[in-house]
Amino acid sequence: MKKFYKMFHSNEKGFTLIEVLASFVILVILLITFFTFFIQTAKTGKSSENIVDATYIAQSEMEKAYAVSKKESNQEKALKSLGYTLEANGVEFIKTEAKNTIKLKLKKNTNAPNLTNIVITVYENKEVTPKAQMENVFVWK
1 MKKFYKMFHS
11 NEKGFTLIEV
21 LASFVILVIL
31 LITFFTFFIQ
41 TAKTGKSSEN
51 IVDATYIAQS
61 EMEKAYAVSK
71 KESNQEKALK
81 SLGYTLEANG
91 VEFIKTEAKN
101 TIKLKLKKNT
111 NAPNLTNIVI
121 TVYENKEVTP
131 KAQMENVFVW
141 K
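Next comes the structure, spelled out in structure tokens:
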């Protein structure tokens, strides 16, 4: 038995190749896990930033529309003064900026005729999915 033990454990000065490979594999698995986590965190942060920016744009446009609704009685003229153009469907107004497309839709409120429903939707250019949408009800002058 002693002879068998000495034969396999005679050199105890360093690591065996198997120990080195096992350590390397464990290290690679841990690094891949953490790098995947960091990459996903960066993507989520960028997506969140885009949504917050789009929401800010929608809020700003809503405030501008509210301000112009108090000054101008003609809705089309008021929205054109903000840089919107009437779409071919005759219902939506559109405004294109450097990175975003803003669609504004007006609709008479069925419950109260003096109120106007307004919906502002912000898209990143060349995308179909909206990044932000905001709705409100105005009393148009």
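Using full-length UniProt numbering, you'd call the opening residue of the sequence shown number 1 and step up by one each time.
Just so you know, even glycine gets a beta-carbon here, dropped at the ideal spot from N, CA and C.
Outcome for V122 when other beta-carbon atoms lying within 10 angstroms are tallied against a minimum of 16: V122 is buried by the Cβ-count criterion.
With DSSP as the reference, label T55 as helix, strand or coil. T55 sits in a helix when the DSSP states are folded into three classes.
Using 8 Å as the threshold, is the C-beta distance between residue 145 and L115 below it? A question about residue 145 goes unanswered here, because the residues of the chain that appear run from 1 up to 141.
Are the Cβ atoms of I94 and K108 separated by less than 8 Å? No, the Cβ-Cβ distance between I94 and K108 is not below 8 Å.
Alpha carbon of V25 to alpha carbon of K46, nearest angstrom: Approximately 32 Å between the Cα atoms of the pair.
Could you check which residue in N50, D53 and Y84 has the C-alpha nearest to that of A65? Nearest of N50, D53 and Y84 to A65, Cα basis: Y84.
Going by C-alpha to C-alpha distance, which of V52, E135, W140 and E49 sits closest to A112? Closest by C-alpha distance to A112, out of V52, E135, W140 and E49, is W140.
Based on the DSSP output, what are the partners of F15 in its beta bridges? Residue pairing by DSSP places F15 in no beta bridge whatsoever.
Name the DSSP bridge partner or partners of L86? Note: L86 is bridge-paired with F93 in the DSSP secondary-structure output.
Please go through the same chain and pick out, in chain order, the residues whose beta-carbon is closer than 6 Å to the beta-carbon of A132, but skip the five residues on each side of it. Within the same chain, Cβ atoms closer than 6 Å to the Cβ of A132 are found at A54, T55, A58 and V122, the five residues on either side in sequence being excluded.
For E135, the nearest candidate out of L31, T44, N50 and M62 (CA to CA): Of L31, T44, N50 and M62, the residue nearest in Cα terms is M62.
Per-residue DSSP class, three states only, for N74: DSSP, read as helix, strand or coil, puts N74 in coil.
Out of T44, F15, A98 and V119, state which residue places its alpha-carbon closest to the alpha-carbon of E92. When only C-alpha atoms are compared, the closest one is V119.
With distances taken Cα to Cα, identify the nearest neighbour of K99 among E127, N117, I39 and A88. That would be E127, whose Cα lies nearest to the Cα of K99.
Assigned exposure category for A78 - 16 Cβ within 10 Å defines buried: Classification for A78: buried.
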